[in-house]
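**Q**
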Amino acid sequence: MDNPLGTSPDDVQFRFRDDEVADHGTVTVDACCEQTNATAVRIEPGDDARVLLPHLDRIALVEVNFPTFGDGRGYSAARILREEGYTGELRAVGDVGIDQLSHMRRCGFDAFAPDTPLDEEDAKRAFATWENVYQHAVDTRGGARRTIPELRHE
Amino acid sequence: MYKYDNYDQQMVDARVEEFRDQARRRLEGKLTEDQFKPLRLMNGLYLQLHAYMLRVAIPYGTLNSEQMIALGDIADKYDRGYGHFTTRQNLQYNWIKLEDAADILADLAKVEMHAIQTSGNCIRNISSDHFAGAAHDELVDPRPYAELLRQWSSFHPEFTYLPRKFKIAVIAAEKDRAAMRLHDIGIQIVKNDAKDGGSEIGARFFVGGGMGRTPMVAPMIRDFVPLDQLITYAEACLRVYNRYGRRDNKYKARIKILVHELGKDEYTRQVEEEFAHLLKQGVEPPREELERIKPYFSDPAFEDGPKSVDRSDPDFAVWVDRNTHRHKHDSYVSAVISLKPVGGIPGDATGEQMRLMARLAKQYSFDELRIMHTQNVVLPHVKIGDLHALWTELEAAGLGSPNMDTIEDMIACPGLDYCSLANARSIPLAQRISERFDASGKTSKLGELKLKISGCINACGHHHAGHIGILGVDRKGVENYQLSLGGSEAEDVSLAKITGPGFTEDGVIEAVDTVTNVYLANKQGEERFLDTYRRIGMEPFKEALYG
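Same order as they appear, the protein sequences are chains A and B.
Using numbering that gives the first Met the number 0, the first residue of the first sequence is number 0, and each one after it goes up by one.
Using numbering that gives the first Met the number 0, the first residue of the second sequence is number 0, and each one after it goes up by one.
(1) Give me the subset of the region 513-525 of chain B whose CB atoms are less than 7 angstroms from a CB atom of chain A, sorted by chain position.
(2) Can you tell which of B/LEU62, B/PHE154, B/TRP94 and B/GLU146 has its C-alpha closest to the C-alpha of B/VAL110?
(3) Do the CB positions of B/GLU407 and B/THR373 come within less than 8 angstroms of each other?
(4) CA-CA distance, B/THR159 and B/ARG87?
(5) Can you find a CB in chain C that lies within less than 8 angstroms of the CB of B/GLY281?
(6) For B/GLY454 and B/GLU265, I'd like the C-alpha separation in whole angstroms.
(7) Using only the alpha-carbon positions, how far apart do B/PHE204 and A/ASP138 sit?
(8) First and last residue of the alpha helix (DSSP H) that includes B/LEU420?
(9) If you measure beta-carbon to beta-carbon, which residues of the region 118-136 of chain A are closer than 9 angstroms to chain B?
(10) With which residues is B/ARG203 paired in a DSSP beta bridge?
(11) So is A/CYS31 in contact with chain B if we call contact Cβ pairs under 8 angstroms?
(12) Based on DSSP bridge pairs, tell me the residues matched to B/PHE502.
(13) Considering only C-alpha positions, which residue in the set B/LYS96, B/ILE115 and B/TYR45 is nearest to B/ALA13?
(14) At least one CB of chain A closer than 8 angstroms to the CB of B/HIS155: is that the case?
(15) Ignore the nearest five residues each way along the sequence and tell me which others in B/ARG163's own chain have a CB closer than 6 angstroms to its CB.
(16) Go through its chain and collect everything with a Cβ distance to B/VAL127's Cβ below 7 angstroms, but skip five positions before and after it.
(17) Tell me, please, whether the CB atom of A/GLU62 is closer than 8 angstroms to any CB atom in chain B?
(18) Pull up the distance between the alpha-carbon of B/HIS49 and that of B/TYR417, whole angstroms please.
(19) Just to confirm, is the Cβ distance from B/PHE223 to B/PRO299 under 8 angstroms?
(20) Quick one: Cα of A/ARG144 to Cα of A/ARG105, how far?
(21) Check the DSSP bridge columns for B/LEU378 and list the partner residues they point to.
(22) By a C-beta neighbour count over all protein chains shown, 10 Å radius and 16 as the cutoff for buried, is A/PRO116 buried or exposed?
(23) Give the residues of chain A in contact with B/TRP151, contact being defined as C-beta atoms less than 8 angstroms apart.
(24) How many Å lie between A/ASN2 and A/ASP10 at the Cα?
(25) Indicate the three-state DSSP secondary structure (helix, strand or coil) for B/ASN42 in the structure shown.
(26) For B/ILE125, tell me which candidate among B/GLU65, B/GLY208, B/ARG180 and B/ILE57 has the shortest Cα-Cα distance.
(27) For the candidate residues A/HIS152, A/ALA112, A/THR86 and A/TRP129, whose alpha-carbon lies nearest to that of A/CYS58?
(28) Strictly below 8 angstroms CB to CB, what residues from chain A border B/ASP20?
(29) Count the other CB atoms within 10 Å of the CB of B/PRO500; is the residue buried (16 or more) or exposed (fewer)?
(30) Report yes or no: do three or more beta-carbon pairs, one from the region 484-495 of chain B and one from the region 208-224 of chain B, lie closer than 8 angstroms?
(31) Smallest Cα separation from B/GLY342: which of B/ALA108, B/MET409, B/TYR295 and B/MET41?
(32) Thinking C-beta only, is B/GLU367 closer than 8 angstroms to B/ALA357?
(33) For chain B, is any of its Cβ atoms less than 8 angstroms away from the one on A/GLY93?
(34) Can you find a CB in chain B that lies within less than 8 angstroms of the CB of A/GLY24?
(35) Using 8 angstroms as the Cβ pair cut-off and three pairs as the minimum, do the region 433-441 of chain B and the region 463-476 of chain B touch?
(36) Suppose you measure from the CA of A/PHE15 to the CA of B/ALA74; what does that come to, to the nearest Å?
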């Protein structure tokens with residue numbers, strides 16, 4: 000079926016997961032809640048990520064769209080999904096630039112499909128911007144990474 | 000004063016490198032100006048009318064003499080020999096070249112300073128009471144809490160692309176010297192009666208204040224947040240805003256509009272719900288961190304000494320009465336260095352003056368200075384016995400104006416002389432008003448009178464909060480000035496009301512004179528201008544202005 004919404008696996012430029020790339024057409028948040036067999040969903044900036052919570056078990060891919068990089072609602076959507084236990088692929092799509100990568104990664108995104116492919120070297124540097132971090136986010140969950148205040152009191 | 004450890008230094012150094020990389024990609028054409036703009040803004044770099052402007056963060060307005068010297072040296076080396084202290088307790092350089100920006104940031108990093116998040120739609124420099132740690136009337140020093148918030152808000156991954164800029168102020172006294180309730184979040188550190196009969200310290204949250212084109216006083220949304228939940232609660236406030244703040248119209252994007260449109264109760268309900276969720280996520284820094292920060296702000300070694308001054312020199316006596324603030328130690332005061340010389344540019348200081356203030360801080364104030372939101376500088380801990388020597392040096396350098404909180408101590412934004420947003424000039428108006436009131440000798444008769452001037456509706460000059468406010472507008476290509484009365488940024492916070500039709504530049508100076516005459520004619524007892532206005536209302540002023 001022609002899918003006007005989602006990105007294809009080929010569009011994914013950076014991925015931090017070992018599992019198969021999910022190759023399902025994404026549906027809107029409303030459609031995902033209605034279709035009990037939908038496994039991939041696309042969140043637009045105005046969507047409430049929390050309406051997906053009852054359906055997280057069957058979802059393998061969440062795309063969060065950034066129509067413009069200055070609209071930061073997707074960062075909250077991503078973090079909320081991870082805080083609620085979502086473990087599937089979380090893909091940032093749209094106007095995703097080098098300078099958003101490190102923060103997006105911290106908020107739980109583990110796949111990136113930018114509209115315009117990014118310079119690989121610049122991206123590598125960007126993902127490594129912060130050797131340490133001040134505040135908790137998805138990357139510090141369960142002690143996976145210690146924050147600076149925690150490191151100070153070890 | 001707070002000292003960076005290796006982690007803090009590493010964060011600032013990482014940011015300088017990141018900015019160098021961004022500037023490189025801009026030059027290589029990998030970033031468009033549209034993409035680069037928000038990045039340079041988050042490093043405090045604005046394009047103004049004539050040049051780039053760089054805004055340097057001074058966290059909660061506290062700095063040491065080494066930092067002040069560095070600011071003076073940068074003014075000489077990269078600017079035209081001066082800098083401008085702002086209402087966010089920051090410093091702005093108005094004549095910066097883009098190619099120097101990364102070098103300036105590197106110079107700043109050497110003295111633990113930066114320009115991070117001094118602009119852009121992110122959490123800005125945290126402001127606080129300029130007499131923190133010195134004032135006789137504070138519950139505790141608010142700066143450890145401000146420092147905790149500074150670290151939490153620096154490079155916050157979720158809140159870097161908010162609907163609009165976000166300003167937080169922290170105070171810990173009943174007297175509000177930081178315009179706390181005119182902030183996106185205002186926090187007052189308070190004491191609560193604990194269940195066990197003792198008392199505990201916590202935070203009172205006010206959310207949704209601000210000036211700009213839609214001024215609002217922040218309502219209280221929580222009267223007590225325990226200290227070990229402070230960051231979690233702030234995070235909840237921000238998350239609700241990031242998700243639901245308006246993004247369709249930048250003039251309606253501040254959190255005050257969200258709180259106003261949802262209503263305080265509904266916004267509070269959503270915050271409490273998010274707070275309950277976040278409490279389970281463990282996002283609060285360890286409590287030991289606050290305890291680690293606190294000793295950096297502990298009292299210097301105060302010594303007993305004289306508790307009063309020799310008042311035989313009347314000029315000195317006036318300065319002491321006007322420009323010093325009662326200290327918690329009875330042998331000390333906080334001394335205000337006025338950056339409002341008669342006819343000068345409010346908040347401007349030369350590189351040389353900055354270095355002098357640095358030396359005086361070292362000599363007389365335990366190496367510490369503060370920037371006030373009223374664009375003056377404070378030496379927080381001066382021995383009463385040293386005041387005359389200090390004043391003599393300030394006088395010689397043109398920094399001894401005895402005008403704190405008088406009509407000459409006005410706040411003025413840079414206005415059309417510098418700013419690309421302005422509709423009218425603010426600086427010449429400020430200069431002419433101070434000259435006039437000084438010449439007529441009326442300043443001292445008027446006592447406390449807070450005059451605030453903004454050159455456009457964005458209200459950087461806090462005109463909504465002025466006892467007398469002036470707003471510059473553009474009327475068919477001609478600068479026009481609206482007058483307003485009755486504002487206050489203090490604990491008796493209120494928003495000023497417009498008197499009526501606007502005035503020309505000459506006209507508004509006359510109008511200010513007129514309203515001060517109405518005050519003097521109606522004043523009862525010890526009333527300030529604001530008190531008289533509140534008692535007699537707008538009508539007598541209107542009558543005198545337009546009748």
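All C-beta atoms, glycine included, are put in the ideal place defined by N, C-alpha and C.
**A** On the basis of the supplied data:
(1) The residues in question: there are none.
(2) Nearest neighbour of B/VAL110 by Cα position, chosen from B/LEU62, B/PHE154, B/TRP94 and B/GLU146, turns out to be B/LEU62.
(3) No.
(4) Those two C-alpha atoms are separated by around 19 angstroms.
(5) Among the protein chains in the structure shown, which are A and B, there is no chain C.
(6) Straight-line Cα distance between these residues: approximately 35 angstroms.
(7) C-alpha of B/PHE204 to C-alpha of A/ASP138: approximately 28 angstroms in a straight line.
(8) Secondary structure note for B/LEU420: it is in no alpha helix (DSSP H), with a DSSP letter that is neither H nor E.
(9) Listed in sequence order: ASP118, ASP121, ARG124, ALA125, THR128, TRP129, GLU130, ASN131, VAL132, TYR133, GLN134, HIS135 and ALA136.
(10) Bridge partners of B/ARG203: B/GLN187.
(11) Output row for A/CYS31: interface = no.
(12) Answer is B/TYR480, bridged to B/PHE502.
(13) Distances from the alpha-carbon of B/ALA13 to those of B/LYS96, B/ILE115 and B/TYR45 put B/ILE115 closest.
(14) The beta-carbon of B/HIS155 is placed less than 8 angstroms from the nearest beta-carbon of chain A.
(15) Here the set comprises ASN120, ALA252 and ARG253.
(16) Here the sequence assigns Ser to residue 127 of chain B, which means Val is not the residue at that position. Closer than 7 angstroms at Cβ, skipping near neighbours: TYR59, GLY60, PRO141, ARG142, ALA145, ALA168, VAL169, ILE170 and ALA177.
(17) No, because no Cβ of chain B sits closer than 8 angstroms to the Cβ of A/GLU62.
(18) Distance from the CA of B/HIS49 to the CA of B/TYR417, rounded to the nearest whole angstrom, comes to 7 angstroms.
(19) Between B/PHE223 and B/PRO299, the gap from beta carbon to beta carbon reaches 8 angstroms or more.
(20) Approximately 11 angstroms between the Cα atoms of the pair.
(21) Paired residues: B/ALA334.
(22) Result: exposed.
(23) Identification of chain A residues near B/TRP151 by a Cβ-Cβ cut-off of 8 angstroms yields TYR133 and GLN134, ordered along the chain.
(24) Note that A/ASN2 scores a pLDDT of 44, beneath 50, so its modelled location is shaky; the value from the coordinates is reported in the next line. Cα to Cα, the separation comes out at about 14 angstroms.
(25) In this structure, B/ASN42 counts as coil in the three-state DSSP scheme.
(26) When C-alpha distances from B/ILE125 are compared across B/GLU65, B/GLY208, B/ARG180 and B/ILE57, the shortest belongs to B/ILE57.
(27) The question names Cys, yet the displayed sequence has Ile at residue 58 of chain A. It is A/THR86.
(28) Ordered by position in chain A, the residues that pass the 8 angstroms Cβ test against B/ASP20 are ASP121 and ARG124.
(29) So B/PRO500 counts as exposed.
(30) When Cβ pairs closer than 8 angstroms are counted between the two stretches, the region 484-495 of chain B is seen to touch the region 208-224 of chain B, the count reaching three or more.
(31) Answer by Cα proximity: B/MET409.
(32) No, the Cβ-Cβ distance between B/ALA357 and B/GLU367 is not below 8 angstroms.
(33) It does not: the Cβ of A/GLY93 has no partner Cβ on chain B nearer than 8 angstroms.
(34) For A/GLY24, the nearest beta carbon of chain B is not closer than 8 angstroms to its own beta carbon.
(35) Proximity of the region 433-441 of chain B to the region 463-476 of chain B falls short of the contact definition, fewer than three beta-carbon pairs being nearer than 8 angstroms.
(36) Rounded to whole angstroms, A/PHE15 to B/ALA74 spans 46 angstroms at the Cα level.
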